[in-house]
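Peer 1:
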Amino acid sequence: MKDHRLRRIFASDQKTVIVACDHAGFSGPLPGLEDPGVLLDTLVASGVDAVLTSMGIARRYAGRMGKLGLLLRMDGGSSIRALDMGTLRNQFSMEDAAHLGADAVICMGMIGFPEEAASLANLTELTAQSAIWNIPVVAEMLVNPKEGSPATAEDLGFAMRIGVELGADLIKASYVGPADQYRKALNCVYRPVVVLGGEKAKTETAL
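Count the sequence shown with our numbering and you get residues 320 to 526, in order.
#1: Would residue 475 and residue 495 be called neighbours here (beta carbons separated by less than 7 Å)?
#2: Please report how far the alpha carbon of residue 464 lies from the alpha carbon of residue 472, in whole angstroms.
#3: Tell me the residue span of the alpha helix (DSSP H) that contains residue 364.
#4: Exposed or buried, which one is residue 392 when buried takes at least 16 other CB atoms within 10 Å?
#5: In chain order, which beta strand (DSSP E) runs of at least 3 residues are fully inside the segment 418 to 447?
#6: Out of 366, 331, 453 and 429, state which residue places its alpha-carbon closest to the alpha-carbon of residue 385.
#7: Put residue 475 into one of helix, strand or coil per three-state DSSP.
#8: Considering only DSSP beta bridges, list what residue 372 is partnered with.
#9: Would you mind reading off the limits of the alpha helix (DSSP H) that contains residue 504?
#10: Does the segment 353 to 361 come close enough to the segment 500 to 511 that 3 or more CB-CB pairs lie under 8 Å?
#11: What is the DSSP secondary structure of residue 460, reduced to helix, strand or coil?
#12: What does the alpha-carbon distance come out to for the pair residue 448 and residue 361?
#13: On the criterion of 16 or more Cβ atoms from any shown chain inside 10 Å, does residue 341 qualify as buried, or is it exposed?
#14: Can you give me the C-alpha to C-alpha distance between residue 327 and residue 504, rounded to a whole angstrom?
#15: Give the secondary structure of residue 330 by DSSP, where H, G and I count as helix, E and B as strand, and everything else as coil.
#16: What number of angstroms, rounded off, separates the C-alpha of residue 489 from the C-alpha of residue 458?
#17: Work out the CA separation of residue 331 and residue 405 for me, nearest whole Å.
#18: Could you pull the start and end residues of the beta strand (DSSP E) that residue 491 belongs to?
#19: So residue 389 and residue 421 are supposed to be a Cβ contact under 8 Å. How far apart are they, rounded?
#20: Where do the N-terminal and C-terminal ends of the beta strand (DSSP E) with residue 514 fall, by residue?
#21: Which whole-angstrom value describes the C-beta separation of residue 478 and residue 428, a residue pair presumed to lie in contact below a C-beta threshold of 8 Å?
#22: Just tell me which of 335, 487 and 514 has its CA closest to the CA of residue 498.
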């Protein structure tokens, strides 16, 4: 059953383009996210493989998702306006995700941050439920490098390996070069890895 759901996220070439539109649950209606229905119509027409979104959008706009694979954001805390950011926790259950027909669920794994223990507890809670509901779990792994230095591929490999050891079926993480070092890090991760997008850039720059 997990393989069936993952086939809705990955194309036949085992590659995927997933568009994240789960930001409004933390940051409010950012530019481009004001009308989720219009955004979903655009994504369906564009041919992307899947969408990562919130429970609210998934419930309200289920009929406009077409054949898009559905990844649900499960964890959260406070908004960007909160005086105290609070602790990340799972806000929804795997049963909630199953009722919406989710193809996967996602939560953060924050290595080296104050939220590390709480985020990893959220991840293991979901991976335990995953064995019952047969819904894949994506771990979005972040790493806080030592002494304020930029994160290295080795740092990221450390975080990604923890994610799969805790039962994640798929890892979402940033790219950190050089390419040969990143490849070395990936070789220690025995689950698929999808690379998150960076800051907005002109097409020529992105390419």
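Ideal Cβ positions, reconstructed from N, Cα and C, are used throughout, including at glycine.
Peer 2: To lay it out plainly:
#1: Yes, these two residues count as a Cβ contact at 7 Å.
#2: Taking the Cα positions, residue 464 is about 11 Å away from residue 472.
#3: Looking at the DSSP string, the run of the alpha helix (DSSP H) that includes residue 364 is 355 to 365.
#4: Residue 392 should be labelled buried.
#5: As far as the segment 418 to 447 is concerned, its whole beta strand (DSSP E) runs of at least 3 residues are 423 to 430.
#6: Minimum Cα-Cα distance from residue 385 among the listed residues 366, 331, 453 and 429 corresponds to 366.
#7: Helix, per DSSP.
#8: Residue pairing for residue 372: DSSP places it in a beta bridge opposite 340 and 391.
#9: First-last of the alpha helix (DSSP H) with residue 504: 498 to 505.
#10: Not touching, per the Cβ criterion.
#11: Residue 460 carries a strand assignment under DSSP once its states are collapsed to helix, strand and coil.
#12: C-alpha separation (whole angstroms): 33 Å.
#13: Buried, because 16 or more other Cβ atoms sit within 10 Å of the Cβ of residue 341.
#14: Taking C-alpha positions only, residue 327 is separated from residue 504 by approximately 27 Å.
#15: Look at residue 330 here: in three-state DSSP terms it is coil, with no helix or strand label.
#16: If you take the alpha carbons of residue 489 and residue 458, they lie about 6 Å apart.
#17: Rounded to the nearest angstrom, the two C-alpha atoms are 41 Å apart.
#18: Membership of residue 491 in the beta strand (DSSP E) is indicated by the continuous run 489 to 492.
#19: 5 Å between Cβ atoms; contact.
#20: Its beta strand (DSSP E) spans residues 512 to 514.
#21: Contact flag correct, Cβ pair sits at about 7 Å.
#22: Among 335, 487 and 514, the Cα nearest to that of residue 498 is on 514.
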